[in-house]
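Note sheet for the following structure.
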Amino acid sequence: MALMTKYFPSVNRIEYRPDAGPEDNMVFRHYNPTETVHGRTMEEWFRFSPCYFNMFRYFGTDDHYGYRTHIRRSWETGSRSLSNYKRRMQAAFEFFSKLGVRYYSASDRDFAPEGETWEETSRMLEEATTMACNLQGQTGMRPLYFAADLFSHPRYMNGAASNPDSHVFAYACAQVKRAMDMAKRLQAEHFVFFHPRDGYQSPLQRQMYRDMQHMGHLYRMAVQYRDKIGYKGHLLIQPKPFDPRRYQYECDAMSTMHMLRHFGMERHYKLYIKPAHSRMMGRPYYHDVYMASAFNMLGLVDASDNYPEVNGTSDMCAVNVRDATYVMKCYLEQSGMQYGYGGFNLSCRVRRESIEPRDMFHGMILTMDTYARALKNAARMLSDGYFARNLQQRYISYKSGFGEKLDKGSATFEECEDYVMKYGECQPQSSRYEHYDNMFNYYTYELGL
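Numbered by our numbering, the letters in the sequence shown go through residues 16 to 464 in order.
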């Protein structure tokens, strides 16, 4: 298969070179797709997927502080014409191919602009989808996920499913229907719901339960339509605490899981967790990954990060190997993803001042190498078994006797009181927090990994 070279002529396919020097940054030093780690190849564990939106629809704007800086793109004219979107798509597939990945992630508005009417928009999307299918056939790629963009257009400024205007809610549902048709045609493995404008600015303006009930209706309709058309992709929801909304209803893993359970949708959906969003809540990077995994609701992971000191979305490339190792430890402990779920979306974007097209490759390589190191760290942790043995010892009182009864949920308050009266005061046990951190550092930083 010939490699496309029109838009990135000076870039060859990115190769694995573990001996590369500090300035040889157009190679992978740690990510080797064919290397077997903990029973699978790296490519099988990660299924890396560059995000079309952040790589090809972010133009270096800085909210109201600056104009576009990413203007040195041979494929980009800055117009909203379908021809410009088509050139962008060709550039995107060339980029994905040279990065050496098999997946990408996109939404309907990544493929084509909105027209003056619903019919015009539909015609352009149909044409763009045909082009994407052809490019997928040439490159052997497919979407890790596909989505409906329910936030960019001004009609969604007050929300999509949670909009107080029923016309907007109906429009959002129709857009999701059409996006699911596209997802089926593109053979997308997942369909993601992301609602950065479904929340509130002030409770004075909102009927909160009604808003969330409408979101539940959207999820129910999506399940029904997926089954009707025979789309085999998995349905995922991405929580986010805020930004641009002051507060979003699906702010984290726990709130999203609760809402799904409340509306009876928990069997049909899992979560697409972006660890960087946990930082925005003042929590550790890996928090929501572990919360979702604990309830068997982890469906997809995002490999980007946020600046810890910035209380908002920054979509930076992942550089913190220690934090990524926490994520990979959890991921490996549940054997990756089950039943066809899984993968790592690369939704990081280069900085506004990184204006050369090559910078896009640097950002992806940086993130993929960071997580490849983390995978090897986590694999060693699990293979050695020290963490498992230490945790087993810490919870050993639940293995037998009255502790086992408590663990199984079969004890009563009266039995607990009798137990305390018989055995007296508890003897506190050290958590050995520093011991666990020391072990973690051993695997994270030893052996030059």
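Note that beta-carbon positions come from the ideal geometry of N, C-alpha and C, so glycine has one too.
If you draw a straight line from the alpha carbon of residue i to that of residue j, how long is it in whole angstroms?
| i | j | result |
| --- | --- | --- |
| A143 | I411 | 58 angstroms |
| K101 | A107 | 10 angstroms |
| R373 | Y401 | 42 angstroms |
| L153 | M296 | Position check: residue 153 holds Gln in this sequence, whereas Leu was assumed. Each residue's Cα considered, the two are about 42 angstroms apart. |
| E440 | L421 | 18 angstroms |
| T145 | P299 | 42 angstroms |
| N99 | E91 | 6 angstroms |
| L286 | N335 | 23 angstroms |
| L390 | Y451 | 19 angstroms |
| M454 | T340 | 13 angstroms |
| S137 | A198 | 14 angstroms |
| P24 | A387 | 27 angstroms |
| K437 | G424 | 20 angstroms |
| E131 | A35 | 51 angstroms |
| M19 | F111 | 10 angstroms |
| G81 | R282 | 44 angstroms |
| D258 | I380 | 27 angstroms |
| Y322 | P256 | 16 angstroms |
| D330 | Y413 | 42 angstroms |
| A403 | A394 | 13 angstroms |
| S446 | Q408 | 11 angstroms |
| R44 | R32 | 5 angstroms |
| Q228 | F278 | 8 angstroms |
| E204 | N149 | 18 angstroms |
| P290 | G54 | 25 angstroms |
| Y284 | P37 | 43 angstroms |
| H85 | Y73 | 8 angstroms |
| C332 | E324 | 15 angstroms |
| V165 | D226 | Val is not the amino acid found at residue 165; the sequence shown has Leu there. If I take the Cα positions, the gap works out to 15 angstroms. |
Does the separation of the CB atoms of residue i and residue j fall below 9 angstroms?
| i | j | result |
| --- | --- | --- |
| F206 | R241 | yes |
| F184 | G248 | no |
| P128 | R88 | no |
| D384 | Y118 | no |
| D320 | I288 | no |
| N173 | A187 | no |
| L315 | Y356 | yes |
| V116 | F376 | no |
| E109 | K21 | yes |
| L250 | F208 | yes |
| R364 | N69 | yes |
| R170 | P211 | no |
| S122 | A163 | yes |
| R63 | L275 | Strictly speaking, residue 63 in this sequence is Phe, with Arg absent from that position. Against a cut-off of 9 angstroms, the Cβ pair of L275 and F63 comes out as no contact. |
| S181 | R124 | no |
| R28 | F71 | no |
| N456 | R337 | yes |
My assumption, with CB atoms under 8 angstroms, is that residue i sits in contact with residue j. Please give the rounded CB distance.
| i | j | result |
| --- | --- | --- |
| E30 | V42 | 6 angstroms |
| E392 | Y458 | The question names Glu, but residue 392 is Asn in the sequence shown. Correct: roughly 5 angstroms between the Cβ atoms. |
| G214 | Q263 | 4 angstroms |
| L159 | G358 | 5 angstroms |
| L114 | P65 | 7 angstroms |
| A147 | M195 | Going by Cβ atoms, the distance from A147 to M195 rounds to 15 angstroms, so no, they are not a contact pair. |
What beta strand (DSSP E) runs, 3 residues minimum, are completely inside the segment 350-392? Qualifying beta strand (DSSP E) stretches, in chain order: 359-361.
Check whether the segment 265-272 touches the segment 302-311, counting contact only when three or more Cβ pairs, one atom from each stretch, lie closer than 8 angstroms. Contact between the segment 265-272 and the segment 302-311 is present, because at least three Cβ pairs lie under 8 angstroms.
Counting Cβ pairs, one atom from each stretch, are 3 or more of them under 8 angstroms apart for the segment 233-249 and the segment 191-210? By the Cβ test, the segment 233-249 is in contact with the segment 191-210, since at least three Cβ pairs between them sit closer than 8 angstroms.
Quiz item: Are there three or more Cβ pairs, one per stretch, closer than 8 angstroms when the segment 46-59 is compared with the segment 330-344?
Solution: Flag = no, the segment 46-59 and the segment 330-344 do not touch.
Q.
Within 8 angstroms, do at least three Cβ pairs link the segment 425-437 to the segment 364-371?
A. Touching, no.
**Report entry** Segments assigned alpha helix (DSSP H), at least 4 residues, entirely inside the segment 142-201
**Finding:** Counting whole runs of 4 or more residues, the segment 142-201 contains the alpha helix (DSSP H) stretches 181-201.
**Prompt:** What are the start and end residues of each continuous beta strand (DSSP E) run of 3 or more residues lying completely inside the segment 198-262, in chain order?
**Reply:** If only uninterrupted beta strand (DSSP E) runs of at least 3 residues are considered, those enclosed by the segment 198-262 are 205-209 and 249-253.
Kindly provide the ranges of any beta strand (DSSP E) runs that are 3 or more residues long and lie completely inside the segment 88-137, ordered along the chain. For the segment 88-137, whole beta strand (DSSP E) runs of length 3 or above, ordered along the chain, are 118-122.
May I have a chain-ordered list of the beta strand (DSSP E) segments no shorter than 3 residues that lie completely inside the segment 267-312?
-> Residue ranges of uninterrupted beta strand (DSSP E) with 3 or more members, entirely inside the segment 267-312 and ordered along the chain, are 284-288.
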